[in-house]
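Asks:
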Amino acid sequence: LSDGDVVIAAITSCTNTSNPRAMAAAGLLARNAVARGLTVAPWTKTSLTPGSRATAELLRAGGLQPALDELGFQVAGFGCGTCMGNSGPLRQDAGRQIRERGLAVSAVLSGNRNFPGRIHPDVTHSYLTSPPLVVAFALAGRTTIDIDRDPLGTGHDGKPVLLADIWPTEEEIDATVATAGRASPGRGASLPLTTDRWQRLPHPRGDGYAWEGETGMIRRPPFADGEVCAPVRGNITAARPLLVLGDDVTTDHISPVGRILPASAAGKWLTERGVAEDGLGSYSSRRLNHEVMLRGGFANPRLRNRLVEGHEGGWTRLLPDGDVMPIHSAAAAYARRGTPVIIVAGRSYGAGSARDWAAKVTRLLGVRAVLAQSFERIHRTNLVALGVLPVECPALGGFDADGTEEFDITGLEGGPLVNAPLTVIARRGGRTVFEQAALARIDTEVEQEWMRAGGLLHRLLTAPR
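Anchor point for the sequence shown: position 185 equals 185 in UniProt numbering, and the numbering is continuous, going up by one each time.
#1: Is Val391 near the ligand NAD, in the sense that its beta carbon is under 7 Å from a heavy atom of that ligand?
#2: Return the chain-ordered list of same chain residues with a C-beta closer than 7 Å to the C-beta of Leu319, the five sequence neighbours on each side being excluded.
#3: Of the choices Gly281, His311, Arg295, whose alpha-carbon is the least far from that of Arg302?
#4: So the candidates are Ser255, Ala138, Gly213, Gly297; which of them puts its Cα closest to the Cα of residue 476?
#5: Quick check: what's the CA-CA separation for Lys360 versus Gln65?
#6: Can you give, in chain order, each stretch of the alpha helix (DSSP H) that sits fully within the segment 90-169 and has at least 4 residues?
#7: Look up Leu439 in the DSSP assignment and give the residues it is bridged to.
#8: Compute the Euclidean distance between the alpha carbons of Ala238 and Arg336, then round it to the nearest angstrom.
#9: Are Asn114 and Tyr127 closer than 8 Å when you measure CB to CB?
#10: According to DSSP, what are the bridge partners of Asp402?
#11: Is the separation between the beta-carbon of Pro421 and that of Leu439 shorter than 8 Å?
#12: Specify the secondary structure class of Val218 as computed by DSSP and reduced to three states.
#13: Please look up how many angstroms separate the CB atoms of Thr316 and Ala330, rounded, as I've assumed it's under 8 Å.
#14: Am I right that Ala345 and Leu245 are in contact with their C-beta atoms under 8 Å? What's the rounded C-beta distance?
#15: Within a Cβ cutoff of 8 Å, which residues of the same chain sit near Gly258, ignoring the five residues on either side of it in sequence?
#16: Helix, strand or coil for Tyr349 per DSSP?
#17: Since Leu238 is in the beta strand (DSSP E), which residue starts that stretch and which ends it?
#18: Would you say Gly297 and Ser264 are within 8 Å of each other, going by their C-beta atoms?
#19: Are Arg368 and Ile236 close, meaning C-beta to C-beta below 8 Å?
#20: Throw me the rounded Cβ distance for the Ile342 and Val384 pair, which I believe falls under 8 Å.
#21: Consult DSSP for Leu280 and reduce its assignment to one of helix, strand or coil.
#22: Thinking C-beta only, is Val424 closer than 8 Å to Phe407?
#23: Tell me whether Asp356 sits in a helix, a strand or coil according to DSSP, three-state version.
#24: Look up Met325 in the DSSP assignment and give the residues it is bridged to.
#25: The alpha helix (DSSP H) with Leu288 in it runs from where to where?
#26: Would you say Thr49 and Ala76 are within 8 Å of each other, going by their C-beta atoms?
#27: Does the Cβ of Thr144 have 16 or more other Cβ atoms within 10 Å, making it buried, or fewer, making it exposed?
#28: Between the Cα of Ala10 and those of Pro20, Ser47, Pro42, spot the shortest distance and give me the residue it belongs to.
#29: Contact check, Thr154 vs Val161 under 8 Å by CB: the rounded distance?
#30: Return the chain-ordered list of same chain residues with a C-beta closer than 8 Å to the C-beta of Arg347, the five sequence neighbours on each side being excluded.
#31: Roughly how many angstroms lie between the CA atoms of Thr271 and Gly279, to the nearest whole one?
#32: Hey, out of Gln92, Gly313, Thr55, whose CA is closest to Thr44's CA?
#33: Using the rule of at least 16 other Cβ atoms within 10 Å of the residue's Cβ for burial, across every protein chain shown, is Met217 buried or exposed?
#34: Measure the C-alpha to C-alpha separation of Asp356 and Asn382 and round it to an integer number of angstroms.
#35: According to DSSP, is Ala26 part of a helix, a strand, or is it coil?
#36: Does Trp198 pass the burial test, meaning 16 or more other C-beta atoms within 10 Å, or should it be called exposed?
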């Protein structure tokens with residue numbers, strides 16, 4: 001295994017599998033590759049998760065699924081899979097090699113998101129391509145080639161095979177789509193929406209749902225309880241930064257959706273309570289268990305927190321002690337001391353998927369404010385809805401925060417909060433090292449009501465009837 005090798009090649013449910021021509025092209029390319037004797041690289045894990053049964057029917061009716069099957073692109077299910085970190089383990093001992101040798105390997109997929117660490121925790125680079133190019137890179141097994149000029153492999157005749165040799169023509173694609181359309185049951189066909197196996201699953205009965213235990217998938221949420229919905233009242237003083245982050249921190253960095261690793265804080269918490277390692281699941285499947293999601297906060301393996309240079313993932317430094325520990329543990333320690341915590345970040349904080357858990361976990365960690373140069377629009381709104389104050393301070397770009405600072409955010413006492421002018425002050429050892437104007441990114445009167453109530457949910461629960 002080498003840097004740039006393709007360890008995951010996935011035709012995924014989102015975006016491109018609803019395009020019949022793109023899927024026909026992928027199937028035709030697979031058919032042509034099999035006819036020439038090409039095979040997928042042994043270290044490349046392949047999968048096909050169409051967005052609908054209609055797409056699978058197109059490939060079947062067009063006679064293309066057998067060739068895809070031969071290359072390892074069997075239909076693995078319908079819906080989100082590899083594109084949200086649910087690829088499962090890598091092939092052979094790829095994971096061990098990657099970790100031991102520090103390899104920067106790749107995933108190639110036809111989805112629409114490739115944020116760092118999202119596809120698989122061991123995969124450094126993720127490239128978004130069309131479905132036929134997913135098949136092509138699976139054949140090549142590496143991204144360090146010129147896909148137009150370098151051979152994808154060697155055919156059964158011993159000759160190199162180029163992409164151009166197996167790329168289908170427009171006429172072939174058109175004919176396949178037309179043939180599949182005539183052979184398929186059509187839009188009016190009745191497809192089963194469930195199975196006997198699904199219907200036989202044991203399930204609770206009754207008028208109200210009985211919340212599950214500690215490690216259950218669905219637990220009573222804490223977002224209307226006590227401190228979790230306590231509003232910001234007055235200025236924030238002597239706050240410690242829980243994290244100091246750079247630019248373009250995405251919601252995948254803040255609240256990942258992928259596989260829960262046994263060595264992660266969430267994985268350890270679950271296994272200590274009797275959950276088997278092969279039953280840990282993913283953060284997306286356990287997002288109704290707040291204890292798991294709390295430990296998954298900022299646990300993306302590619303996250304870089306400037307408080308712990310040399311570490312990646314969900315670690316921070318407790319100050320002034322200096323101890324390095326999991327982020328949720330530091331947040332709990334600050335809460336016991338009565339020390340307010342904030343997050344310091346750069347530009348475009350909260351970019352990427354509009355994931356509500358990115359704001360929820362921020363609130364569960366006790367963060368009172370996020371201080372950033374700029375915010376992504378939807379995440380800013382979600383922070384306000386959870387009662388977390390977004391503070392925009394463009395001047396932060398010229399300040400090298402090292403985490404030893406204590407921060408004051410003033411201008412919050414009385415008066416309106418809508419785009420209120422604020423002042424951010426940072427002190428090291430009692431000496432002011434930063435003092436700049438900032439803006440409360442409470443953009444509407446309705447958002448102001450949310451903030452003063454401690455968040456949208458508490459506002460709804462306490463609204464006059």
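Using N, Cα and C, we set each Cβ at its ideal position, and we do this for glycine too.
Replies: Considering the structure as presented:
#1: Summarising the ligand content, the structure contains no ligands, and the ligand NAD is consequently not present.
#2: Cβ contact annotation for Leu319 (same chain, cutoff 7 Å, sequence separation greater than five): Arg240, Gly403, Thr404, in chain order.
#3: His311
#4: No statement about residue 476 is possible, as the shown extent of the chain runs from 1 to 465 and does not include it.
#5: 42 Å
#6: 94-101, 131-140, 163-166
#7: Glu392, Pro421
#8: 15 Å
#9: In this structure, Tyr127 lies closer than 8 Å to Asn114 by Cβ.
#10: For Asp402, which the question treats as bridged, DSSP gives no partner whatsoever.
#11: When the beta-carbon positions are compared, Pro421 and Leu439 come within less than 8 Å of each other.
#12: Inspection of the sequence shows that residue 218 is occupied by Ile rather than by Val. Looking at Ile218 - three-state DSSP - the assignment turns out to be coil, as it is neither helix nor strand.
#13: 5 Å
#14: 4 Å
#15: Met84, Gly85, Asn86, Gly117, Arg118, Ile119, His120, Pro121, Ser282, Tyr283, Ser284
#16: strand
#17: Leu is not the amino acid found at residue 238; the sequence shown has Ala there. Here the beta strand (DSSP E) through Ala238 covers 236-244.
#18: No, they are not a contact pair.
#19: yes
#20: Actually they do not touch by this definition, with Cβ atoms about 15 Å apart.
#21: coil
#22: yes
#23: helix
#24: Thr316
#25: Leu288 -> no alpha helix (DSSP H), and no H or E assigned at all.
#26: In contact: Thr49 and Ala76 (Cβ atoms closer than 8 Å).
#27: exposed
#28: Ser47
#29: 7 Å
#30: Asp247, Asp248, Ala372, Gln373, Ser374, Gly397
#31: Their backbone Cα atoms lie some 9 Å apart in a straight line.
#32: Closest in alpha carbon position to Thr44, among Gln92, Gly313, Thr55, is Gln92.
#33: exposed
#34: As the crow flies, the alpha-carbon of Asp356 is around 6 Å from that of Asn382.
#35: helix
#36: exposed
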